[in-house]
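Chemist:
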Amino acid sequence: MHVGHVYTYCGADVFGRLRRMQGYDVFQPIGFDAFGIHSENFALKLGKHPAEVVPANIRRFREEQMKLLGCQFDWSREVDTTQPEYYRWTQWIFVQLFKAGLAYQAEAPVNWCPKDQTVLANEQVIDGRCERCDTPIVQRVMRQWFFRITDYAERLLDFSGVDFPESSIKRQTAWIGRSEGAEIDFAVADQPAEITVFTTRPDTIFGATFLVLAPEHPLVATITSAEQREAVAAYVAQAQRKLERERLIGAEKTGVFTGAYAINPATNQPISIWIADYVLARYGAGAIMAVPAHDDRDYAFASAYHLPIVPVIQPADGAIAELPFVEDGPLIESGEFSGMSSAEASRAIVGWLVERGSGRARVTYRLRDWLISRQRYWGPPIPIVYCEACGAQPVPEDQLPVLLPPIENFRPTGTAPLASIPEFVNTTCPLCGGAARRETDVSDNFLDSAWYFLRYLSTEYHDRPWDTERVRRWLPVDHYAGGPEHTTMHHLYARFIVKALHDLGHVPYDEPFKRLRLHGMITKYGAKLSKSRGNVISPDGYIAQYGADVFRMYMLFLGPWEDGGDFTDSGVSGVARFVGRLWELVTGATPRGDATLDDEAERRRNQLIVRVGEGIDGMRAHVAIAALMEEVGWLRGNMEQLSANQWRRSIETLVLLIAPLAPHLAEEAWERLGHSFSVHQQPWPSADATLLAAAQIEIPVQINGKVRDRILVAADASEPSVTAAALASERVRAALEGREPRRIVVVPGRAVNIVR
RNA sequence: GCCGAAGUGGCGGAAUGGCAGACGCGACGGUCUCAAAAACCGUUGAGGGCAACCUCGUGUGGGUUCGACUCCCACCUUCGGCACCA
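In this text, residue positions in the first sequence follow the working numbering: the first is -6, and each later residue adds one.
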């Protein structure tokens, strides 16, 4: 555990504790997501077995670290995703999706991590590198299991019912990447084949002067001419060897002619068909119509290979366009469509293609189906059995879980470790009883975490994954505290799984999280905390020295929770000093002062309730802590002017308000004040709105926007009386230099501005 | 290149149209002490003035407004994300 974890957990805990005091039933669960490559690699590094390392780590994490933080986790409902009673239901979800046709097997180009020796989902490739080990990813064609998350693309774009940060919505939307356009079929000249392309610019079809297929396009071999066969084969082989990253970033456009021609359905002219790696097999149709006059990439390619460039769009102002001209504009050289605007022409041309049966409107998504298989050991076996006669069959639900067998050599080799265990592989078909083989891949770690919020509620149930009544009562999650790194992975997957389970009748709602709040990152000298950088900071020493309460508050005092911050321990002493002063107020003698400041103290007390509550509610505990510090300072300085009753009222409020932030201190203080256990079961103090404002307030008097004086007026003073008071001020009169004000703006309760 | 967030003292930050710099760190001065630490008290945006006070000041340039850190436009910088997505 490092200080980043403390920041995350305590930020969420302070919020949860406030809500509990505010009278909500708060369920704050915790669990361990300990399957997956990360845990397995860690075990490999230690030369131990994950089944041994994981429980030991969980124990240390829970007993020696988490429990010291003072978070109100419900440990009785802890989950551990590596336990059979948990992953049984992960497998059950797989079976539900399989039965619904949402899990399927396909031969497809996939991301392969050569170091981890497994495939990865698209979301788990960061900048062309493995999300876990940073190794450059290569493409491989393999038969793998996928979830049809793309079927949910449209619904995943709908955030209308949830309160998510704008950044999260934007990122998920961009990741899903909806784009409207058309599919257009091009007949191949002198061959029975047809090539379908996807374009967002059907209006430019008259300018399509060649076609480009991705090297992996299934028709490449079919259409290539005998003369070009060798060159094409060489190019395809070369493209396969390249890392995806190199293909994407390579500035130079490369490609090769297939020797074949297609007919442009708009012009009826033959156009050459090329293969180039700037066209991606996994997007759209894996093939494009190239319009070099109106697309940067096609222009670069056409220039490099001396292909024809035909402008068919004009700038709206009629100027001669500098090519490539990628904006919209009126069509030229486009037959009956000439003169139409891009938007108008797109509609008309798609209509015309539909009539001829050679095209259709089409929406495409950048989102890929979720690749679920992993050729690794440490995960839930995918619950599928292959039978010669009956094909792929799900393991019957009453036979779940498919236990992960304890094996010694689990080192990844590229083929699933489970495949080396005949006792595991060989089984019988659940349908016909004949000999069958088990699936030997395990499922993606992100599937484990895509549903745990459902399991927390019903950890004691062994006959069902969750109790419907409890789901109805507690879910969806009211406040989900997480990291922005999960935006296009965990959050997206969880939303998908819940929507799928909803459609299958297993949960009554279709968004897992109502309110999402993202925490910022804790850095050291501006760098992310990581073992490889050697800058991981453990909270243990700080907690031992200052106590958990001081450390919690210190971390949150860094600034807004969503901003994170750079960890320097230079400010811990300030929080420690504050806690010491508060403690003195609680334990010191009660003053019997003259009560002259009782009214002010009461007003401050009410204001404090509002400030602390609003600060915590907005995940800005630092302003709540600052307000508490101010109040402690004020009480210390005005003891002699407060009655014993008012003093006690103020101190008790202070203790109640600090309870979410410093739970241990507050409990002890509460007891010292003569109350019984527990301060955390007390209601959050309510502020009396009528006491928030003072009878007399000080407001600034500005002249031309510059503050020249401050005057004391009644809070409810009328405009004319405020004006009169402002003009009566010595300083104002001096600044006016005898001139008549041209205008006087009175903002009730805030300011007066005199325009000279 | 595109999308997003942010730029305020020496530092973390506060103020979301009305007194810029709350609160804290650091620094400086003081009390206590043989001394130091701790604790406590005070000062601390820049410049000017003996002083009361004055001038400037929230990345840069423009704009809206009686009034702008806050709203609008353009730009610069930093961070995060996406990136040949047709």
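Ideal Cβ positions, reconstructed from N, Cα and C, are used throughout, including at glycine.
Let me check one thing: in DSSP terms, what residues is Ser172 bridge-paired to?
Modeler: Answer is Thr357.
Chemist: Rounded to a whole number of angstroms, what is the C-alpha to C-alpha distance between Leu95 and Asp144?
Modeler: One C-alpha to the other measures close to 9 Å.
Chemist: Here's a check: name, in chain order, each residue in its chain whose Cβ is nearer than 7 Å to the Cβ of Arg701, leaving out the five neighbours to either side.
Modeler: Around Arg701: Val694, Gln695, Arg724, Val725 and Ala728.
Chemist: Going by DSSP, what residue range makes up the beta strand (DSSP E) through Trp85?
Modeler: No beta strand (DSSP E) holds Trp85; the alpha helix (DSSP H) holding it covers Pro77 to Lys92.
Chemist: From Val648 to Ala662, what does the alpha carbon distance come to, in whole angstroms?
Modeler: Computed Cα separation, rounded: 7 Å.
Chemist: Quick one: grab the DSSP three-state call for Trp444.
Modeler: The answer is coil: DSSP assigns Trp444 none of H, G, I, E or B.
Chemist: Answer with buried or exposed for Pro258, where buried requires no fewer than 16 other C-beta atoms within 10 angstroms of its C-beta.
Modeler: With 16 or more Cβ atoms within 10 Å of its Cβ, Pro258 is classed as buried.
Chemist: Would you call the stretch 501 to 513 in contact with the stretch 570 to 578, where contact means no fewer than 3 C-beta pairs closer than 8 Å?
Modeler: Touching, no, given that fewer than three Cβ pairs across the two stretches are closer than 8 Å.
Chemist: Distance check for Ala230 and Glu223, CA to CA, integer angstroms please.
Modeler: Between Glu223 and Ala230, the C-alpha separation is close to 11 Å.
Chemist: Quick one: measure Cβ to Cβ for Pro405 and Gln110, integer angstroms, because I've assumed they're closer than 8 Å.
Modeler: Right, the Cβ-Cβ distance comes to about 4 Å (below 8 Å), so this counts as a contact.
Chemist: What residue from Trp677, Arg629, Ala537 and Ser636 has the CA that sits closest to Arg604's CA?
Modeler: Taking only the C-alpha atoms, the option nearest Arg604 is Trp677.
Chemist: Around the Cβ of Asp437, are there at least 16 other Cβ atoms within 10 angstroms (buried) or fewer (exposed)?
Modeler: Answer is buried; the Cβ neighbour count reaches 16.
Chemist: Quick check on the DSSP output: the beta strand (DSSP E) that includes Tyr97 runs from which residue to which?
Modeler: Per DSSP, Tyr97 belongs to the beta strand (DSSP E) from Ala96 to Cys106.
Chemist: How would you call Trp68, buried or exposed, if buried means at least 16 neighbouring beta carbons within 10 angstroms?
Modeler: That one is exposed.
Chemist: If you draw a straight line from the alpha carbon of Gly(-3) to that of Ala167, how long is it in whole angstroms?
Modeler: Each residue's Cα considered, the two are about 28 Å apart.
Chemist: Classify Cys3 as helix, strand or coil using the three-state DSSP reduction.
Modeler: Residue state, collapsed to three classes: helix.
Chemist: Have a look at Val500 and Trp467 and give me their C-alpha separation to the nearest angstrom.
Modeler: Roughly 12 Å separates the two Cα atoms.
Chemist: List the endpoints of the continuous beta strand (DSSP E) containing Tyr254.
Modeler: Run containing Tyr254: Gly248 to Ile256, per the beta strand (DSSP E) assignment.
Chemist: If you follow the alpha helix (DSSP H) that Gly630 is in, where does it begin and where does it stop?
Modeler: Gly630 -> alpha helix (DSSP H) spans Ala614 to Gly630.
Chemist: I need the boundaries of the alpha helix (DSSP H) containing Gln634, first residue and last residue.
Modeler: That residue, Gln634, is in no alpha helix (DSSP H); it is neither H nor E in DSSP.
Chemist: Look up Val738 in the DSSP assignment and say whether it is helix, strand or coil.
Modeler: The answer is strand: DSSP assigns Val738 an E or B state.
Chemist: Per DSSP, Ser265 forms a beta bridge with which residues?
Modeler: DSSP output for Ser265 lists Phe203 and Tyr254 as bridge partner(s).
Chemist: As an exercise, report each continuous alpha helix (DSSP H) stretch of at least 4 residues that is fully enclosed by the stretch 636 to 724, in chain order.
Modeler: 637 to 651, 656 to 665 and 712 to 721, all fully within the stretch 636 to 724.
Chemist: My assumption, with CB atoms under 8 Å, is that Thr192 sits in contact with Met282. Please give the rounded CB distance.
Modeler: So it is a contact: roughly 6 Å between Cβ atoms.
Chemist: To the nearest angstrom, how far is it from the Cα of Thr215 to the Cα of Ala101?
Modeler: So the alpha carbons of these two residues sit roughly 19 Å apart.
Chemist: With burial defined as no fewer than 16 other Cβ atoms inside 10 Å of the residue's Cβ, what is the status of Pro374: buried or exposed?
Modeler: By the neighbour-count rule (16 or more Cβ atoms within 10 Å), Pro374 is buried.
Chemist: Between the C-alpha atoms of Pro301 and Tyr292, what's the straight-line distance to the nearest angstrom?
Modeler: Going from the Cα of Pro301 to the Cα of Tyr292 covers about 10 Å.
Chemist: Using CA coordinates, which residue listed in Ala114, Pro129, Val112 and Leu113 is at the minimum distance from Asp120?
Modeler: Cα-wise, what sits closest to Asp120 is Pro129.
Chemist: Glu691: which of Ser679, Tyr358 and Leu705 sits nearest, CA to CA?
Modeler: Nearest C-alpha to Glu691: Leu705.
Chemist: Relative to the alpha-carbon of Asn697, which residue among Val740, Ile747 and Ser711 has its alpha-carbon at the smallest distance?
Modeler: Residue Ile747 is the option with its Cα nearest to Asn697.
Chemist: Taking the alpha helix (DSSP H) that Ile536 falls in, what are its first and last residues?
Modeler: First-last of the alpha helix (DSSP H) with Ile536: Asp533 to Tyr539.
Chemist: Check whether the Cβ atoms of Val134 and Pro532 sit closer than 8 Å, and answer yes or no.
Modeler: Against a cut-off of 8 Å, the Cβ pair of Pro532 and Val134 comes out as no contact.
Chemist: Indicate whether Tyr379 and Glu416 have their beta-carbon atoms separated by less than 8 Å.
Modeler: Not closer than 8 Å, so no.
Chemist: Can you tell me which residues form a DSSP beta bridge with Arg367?
Modeler: According to DSSP, Arg367 bridges with Val435.
Chemist: Ignore the nearest five residues each way along the sequence and tell me which others in Asp752's own chain have a CB closer than 8 Å to its CB.
Modeler: Only positions -6 to 749 of the chain appear in this structure, which leaves residue 752 out of reach.
Chemist: Does DSSP put Asn746 in a helix, in a strand, or in coil?
Modeler: Looking at Asn746 - three-state DSSP - the assignment turns out to be strand.
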